[in-house]
Amino acid sequence: MSDKVVLVTGGTGLIGTAIQTVVKREALPDEKWFFVSSKDANLQLEADTFALFEKYKPTHVIHLAADFGGLYHNLRANLDVFRNNMKINDNVLYSCYKYNVQKCVSCLSTSIFPAKTTYPINETMIHSGPPHQSDFGYSYAKRMIDVMNRGYNVQHSCKFVSVVPTNVFGPFDNFNLEDGNVMPATIHKVFCSKRDNLPFVIWGTGSPRRQFIYSLDLARLFLWVLREYDDVSPIILSVGEEDEVSIKEAAEMVIEAFDFKGKVVFDTSKSDGQFKKTAHNGKLRSYLPDFKFTPIKQAIKETVDWFTGNFETARK
Ligand code: NAP
Ligand code: GDP
83 MSDKVVLVTG
93 GTGLIGTAIQ
103 TVVKREALPD
113 EKWFFVSSKD
123 ANLQLEADTF
133 ALFEKYKPTH
143 VIHLAADFGG
153 LYHNLRANLD
163 VFRNNMKIND
173 NVLYSCYKYN
183 VQKCVSCLST
193 SIFPAKTTYP
203 INETMIHSGP
213 PHQSDFGYSY
223 AKRMIDVMNR
233 GYNVQHSCKF
243 VSVVPTNVFG
253 PFDNFNLEDG
263 NVMPATIHKV
273 FCSKRDNLPF
283 VIWGTGSPRR
293 QFIYSLDLAR
303 LFLWVLREYD
313 DVSPIILSVG
323 EEDEVSIKEA
333 AEMVIEAFDF
343 KGKVVFDTSK
353 SDGQFKKTAH
363 NGKLRSYLPD
373 FKFTPIKQAI
383 KETVDWFTGN
393 FETARK
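Residue numbers (my numbering): 83 to 398.
Below you can see the structure in the form of structure tokens.
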């Protein structure tokens, strides 16, 4: 059998670097991996995207590249996020078709599901109503990946699939205080509060609920999807519903990991975003009943240790 050439767009981000780590551990002899970033090609540009595919001639693609940030990034720039991601996704999926890629795995998010919904959310509900107004640009652009995957499958028999992770965190995350997701931003804030002997401020009420997934667990699941998931319909990659925690509880775990003893205050002038997005991982469990997720406290401690050890160079 000829070698698989796997191209990972967004290969230098949070999820891409986690996949790099797992691939180093679990490489298969018939796979060659290439992890690319915006420095290799600006995927908003069709010519750059074609040139990238010409260069690597991938047989398989994991498509992670996105204009991506936490709630407050999306709130500030819904239109830009929509346009940037529409361009990136159209260029990448069209190139996968044009260059005969055998399988493409793209990344949706549980953020994109309808704001008014029944719980738990499952894979059939992606288009069942408008997304939350806080990140409509990100959500509609992501939903269009599902539309394009279906189109390429129906019209051209392409095997383009998408996975739907919940809120991801881990080493190499974006720890920016304004634009990062809640977990990396909280880790950075508690680090600074401890260092400077200042109160730690949680944005919003702390009551919204999220399912967090460790990037290294998600990376193992990505490899399984690429190698073994043979369906073309989306699949939620998430911890169980019972593992959902409030933002306050997540912050308390970060506080514990840092052994921070200072004052904690809530800035309720900041948006809470969607209250919850509880996702059902029944489909994943039907394939992988024994998959073990890293316990959240251990994953947070590993991420805190990574951030502390790499403070100077971490993305922030
Ligand atoms: P990330 O850390 O922000 O990394 C983004 C990656 O995309 C970087 O490698 C970046 O390259 C690349 N990129 C951005 N704009 C690009 C462009 N115009 N051309 C080429 N490359 C570009 O993101 P992540 O957290 O790993 O997320 C990866 C995917 O998972 C995204 O599609 C995101 O929507 C999805 N997702 C993430 C989460 C989460 O909680 N993190 C949850 C659900 C879904 P540079 O570094 O060179 O800019
Ligand atoms: P989401 O899961 O897509 O909404 O994205 P986030 O990872 O940005 O999580 C947003 C939730 O965390 C909201 O309820 C915010 O109010 C809360 N939150 C608390 N502190 C922070 C923070 O410093 N940054 C972010 N992004 N969210 C925060």
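C-beta: ideal position from N, C-alpha, C; glycine also.
- Contact between Cys189 and Leu146 holds, with the beta-carbon distance rounding to 5 Å and staying under 8 Å.
- For Pro196, the secondary structure class from DSSP, reduced to helix, strand or coil, is strand.
- One Cα belongs to Val90, the other to Val118, and the distance between them is close to 6 Å.
- Measuring C-alpha to C-alpha distances from Glu394 to each of Thr350, Cys274, Gln293, Ala339 identifies Cys274 as the nearest.
- Per DSSP, reduced to three states, the secondary structure at Arg397 is coil, with no helix or strand assignment.
- The beta carbon of Ile97 sits closer than 7 Å to at least one heavy atom of the ligand NAP.
- For Glu128, the enclosing alpha helix (DSSP H) starts and ends at 128-138.
- Nearest Cα to Asn173 within the set Phe135, Ser289, Asp85: Phe135.
- In terms of CA proximity to Thr268, Phe348 leads the group Val246, Phe348, Arg225.
- When the five nearest sequence neighbours on each side are left out, the beta carbons in the same chain lying within less than 6 Å of the beta carbon of Lys276 are those of Phe340, Phe342, in order along the chain.
- Around the beta carbon of Val336, 16 or more other beta carbons sit within 10 angstroms, so the residue counts as buried.
- His270 places its beta carbon less than 8 Å from that of Lys398.
- Relative to the ligand GDP, the beta carbon of Asp217 is positioned inside 7 Å of a heavy atom.
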